[in-house]
Each structure stands twice: as structure tokens, then as C-alpha cells.
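**Student:** If you're matching positions, the sequence shown starts at 4 in our numbering and goes up one per residue. All C-beta atoms, glycine included, are put in the ideal place defined by N, C-alpha and C.
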Amino acid sequence: MTLTVLEPEGLYPDTDLEQRILGPGVRILRGNARTGLADLPDSLCAEADGLMTLRMAVPGEQLARFPKLKVVVRMGVGYDRVDRAACAARGITVCNVPDYGTQEVAEFAVLLALALRRGLILYHDTQRGPEPAPWGVMPSPLHRRQEVQTFGILGLGRIGTAAALRARAFGWRIAFFDPHLPNGADRALGVARCRTLEELLAQSDVLSIHAPLTRATRGLIGERELRLLPRNAVVVNTARGPILDIAALERCLRDGHIAGAGLDVIPEEPPREPIPSLLRAYRAQEEWLRGRLVVTPHIAFHTPEAWEDIRLKSAETMRDVLVEGRRTNVIPPEAD
4 MTLTVLEPEG
14 LYPDTDLEQR
24 ILGPGVRILR
34 GNARTGLADL
44 PDSLCAEADG
54 LMTLRMAVPG
64 EQLARFPKLK
74 VVVRMGVGYD
84 RVDRAACAAR
94 GITVCNVPDY
104 GTQEVAEFAV
114 LLALALRRGL
124 ILYHDTQRGP
134 EPAPWGVMPS
144 PLHRRQEVQT
154 FGILGLGRIG
164 TAAALRARAF
174 GWRIAFFDPH
184 LPNGADRALG
194 VARCRTLEEL
204 LAQSDVLSIH
214 APLTRATRGL
224 IGERELRLLP
234 RNAVVVNTAR
244 GPILDIAALE
254 RCLRDGHIAG
264 AGLDVIPEEP
274 PREPIPSLLR
284 AYRAQEEWLR
294 GRLVVTPHIA
304 FHTPEAWEDI
314 RLKSAETMRD
324 VLVEGRRTNV
334 IPPEAD
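Listed below in C-alpha cells is the structure:
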């Protein structure tokens, strides 16, 4: 029996790599959807046994158009764009690709922390323009030696672990909170485990978020949590935007409790009206934010090598699950 895999976004100029991995018994179709699965014709959807999506959501109301669908592979780490409850009700297996971009995102998280804590952003911002700041040191609560700080990690999965190893190499003390991590992993890595989120926050001079977006983590870091951080802490989010309340972050930045923040993700991407006021202030280069905030457009994962990994590992996951019946990278329904 021939199986059919649909890549709806037309991401690549050919399907040679996918065909080589999936084998001759699998037919590969490409769509040209731009805004969502609704752009695809019903005839194309009706043929798909497997669906591989990168940017596109898989909403439950679209599943009826895919009567043969057995496997969805989200071509990335996060799987919050897939309606997993609706998929489970249909018996559709959902997978992600957790083993790409690990190094890139971990490095970017540490980069954001270093750039803020060592003054790179402040001096970059203040030396530009027709009236640069005086040529010399600018006192700021941001600037600290790594060895006197704790780098706190929320979520010690693959990326969190890679960030821990890199941050430790720069001299930070490492602490983490992850209720899902088995005992002993902290000993193997030589990092300090916190029993509660509150315990982690109380000691984190840098808080780096590396948790998936689930029902439990949505809005997890709000104003109460931010104010549990030591005064003049730095917050870095390279995970998912809705985990962090950026309105609360703005309040804590404005009153000085939080010294700086680095955001590769925001709650709605790309931002649409009404634009969050923190992002408006950042775009307007308001004086109070100079050197204190970095915003990048969800690109922490990006290198040419990471893009190659996405393509390769997505095809391998589809082959393992759809063709060979394995459980590679399957997200269990209870993962939320």
C-alpha cells in the first residue's frame, strides 16, 4: 500500500531528501499554503496519511478535511500549534523534532544574558547617534561578574541542559527547576536542583526560560514570580512567548525591579495591533529602556545547519512513525 505524506507549505525546492529517507513506498506531495491549512484544496488534504508542518497550525476544525491522516510531525520543538486533543480523538499521532537547534537556542540564551550583564547592549545603544554618551564607563545595575551570580534555568530539557553547560563555562553558578526531570540528572551535570519554582526565582540573578508551552506553563511567569527574583535580575526567554507575561515584565522594568530582559519570543508572533506597550516603547527607543531590552524575531534557532537538521530529522521522524510503526518523538496526549 502506498502512503502519502503532505508538506503543505512548499518549504523546499524539491523532495529528494524526503523521498530518499521515506523510501519508494511513500508518495510526497507539496502544497503552497501561505496562511494556513485552509488554503489547501480538499482533494490534496484527502490524500494525506502524514502531515509535516513548520509554521502552520493544525487546528481541530481542519482535521475533517484529512480523512486518512495518521501522523502529524511538527517540524520543530514546540507543539502548541497542533490541536493535540482533537488529534487524539481521531487517533492521529503527533510528533515533534526535539533534536534540532539545541546548540543554537542554548547559545542564544546565554548570549542574551551576557550581552545584557556585560554592558554590550547598553554601550551599543548609547554610543550611536549624533550625541553619544561620554566615552567611558556608565554605571548600571545590569553589570555584574558572572561568578557572583546564579543563572537560573526553568526547564532542564535538551536546550536547558545545553544552556546550563554553556553558562557554567562562563562562570555562573547554575540552578534549575524542572518537576519532570528524574532525580540524579542534576548530580550528573553538577548543577543545583530547586524543589520549587519559588526557590529557583529567589536566587536567580538571570532567569532563562526553557520550558515548553503547555496548560501548566502558559502565564507561569507573571508579576508575582518576577518580583520574587532578586532586585536587578535579568530575564531571558527563548522558549515560548505566552509563558512570560510581558505586561508584568514592563511594570517590573519600569520600576527597576528587573534590570534587563532579552526576548526572542513574544505572546503573539508576529505582533499585531494592539502592539504590547513594552514592544512599542522598545521600537520608539524610549530613554528608560536604553541598554535594558533586546527583542529578536524568534530566530534563536537559526543557522543553516539547524535548517538542514529540521528537514532531515522531520523526514526521519515521519519514516519511523508512519512507515515503520515506531514511537520516535511521539508526544503523549497527557504531555500538557
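Determine, for D258, whether the minimum Cβ-Cβ distance to residues of chain D falls below 7 Å.
**Tutor:** In the structure shown, chain D does not exist; there is a single protein chain.
**Student:** Identify whether T199 lies in helix, strand or coil by the three-state DSSP scheme.
**Tutor:** Locating residue 199 in the sequence shown gives position 196, counting from the first residue. In this structure, T199 counts as coil in the three-state DSSP scheme.
**Student:** Under 7 Å, do A178 and L203 count as touching if we go by C-beta distance?
**Tutor:** Reading the sequence shown from its first residue, position 175 is the one you call residue 178. Reading the sequence shown from its first residue, position 200 is the one you call residue 203. Going by C-beta atoms, A178 is nearer than 7 Å to L203.
**Student:** State buried or exposed for H213, treating a residue as buried only when at least 16 other CB atoms are found within 10 Å of its CB.
**Tutor:** Position 210 of the sequence shown holds residue 213. Buried, since its Cβ has 16 or more Cβ neighbours within 10 Å.
**Student:** Taking the alpha-carbon positions, what's the D86 to T299 distance?
**Tutor:** Within the sequence shown, residue 86 is the residue found at index 83, counting from 1. Within the sequence shown, residue 299 is the residue found at index 296, counting from 1. Taking C-alpha positions only, D86 is separated from T299 by approximately 27 Å.
**Student:** On the premise that E10 lies in contact with M59, defined as a C-beta separation below 8 Å, what is that separation, rounded to the nearest angstrom?
**Tutor:** Residue mapping note: residue 59 aligns to position 56 of the sequence shown, counting from 1. Residue mapping note: residue 10 aligns to position 7 of the sequence shown, counting from 1. Their Cβ separation, rounded to whole angstroms, is 10 Å, which puts M59 and E10 out of contact at 8 Å.
**Student:** DSSP three-state call for S211: helix, strand or coil?
**Tutor:** Counted from its first residue, the sequence shown places residue 211 at position 208. Correct three-state label for S211: strand.
**Student:** Give a yes or no on contact between the segment 316 to 329 and the segment 141 to 149, applying the rule of three or more CB pairs nearer than 8 Å.
**Tutor:** no
**Student:** Under three-state DSSP, which class holds G193?
**Tutor:** In the sequence shown, counting from the first residue as 1, residue 193 sits at position 190. G193 falls in the coil class under three-state DSSP.
**Student:** Contact between the segment 74 to 91 and the segment 26 to 39 is defined here as three or more beta-carbon pairs at a separation below 8 Å; is this criterion met?
**Tutor:** no
**Student:** Using beta-carbon positions only, say whether V324 and H301 come within less than 7 Å of one another.
**Tutor:** By 1-based counting over the sequence shown, the position of residue 324 is 321. By 1-based counting over the sequence shown, the position of residue 301 is 298. Their beta carbons are not under 7 Å apart, which means V324 does not touch H301 by this criterion.
**Student:** I'd like the span of the alpha helix (DSSP H) that includes I124, first residue to last.
**Tutor:** In the sequence shown, the residue the question calls residue 124 occupies position 121. That run of the alpha helix (DSSP H) goes L123 to T129.
**Student:** Alpha carbon to alpha carbon, how far is A309 from Y103?
**Tutor:** As a position in the sequence shown, residue 309 is number 306, starting the count at 1. As a position in the sequence shown, residue 103 is number 100, starting the count at 1. If I take the Cα positions, the gap works out to 6 Å.
**Student:** State the Cα-Cα distance for the pair P182 and L223, rounded to the nearest angstrom.
**Tutor:** Here residue 182 refers to the residue found at position 179 of the sequence shown. Here residue 223 refers to the residue found at position 220 of the sequence shown. The straight-line gap from Cα to Cα measures roughly 14 Å.
**Student:** Could you tell me if A236 is buried or exposed, where buried requires 16 or more neighbouring beta carbons within 10 angstroms of its beta carbon?
**Tutor:** By one-based count along the sequence shown, residue 236 stands at place 233. It counts as buried.
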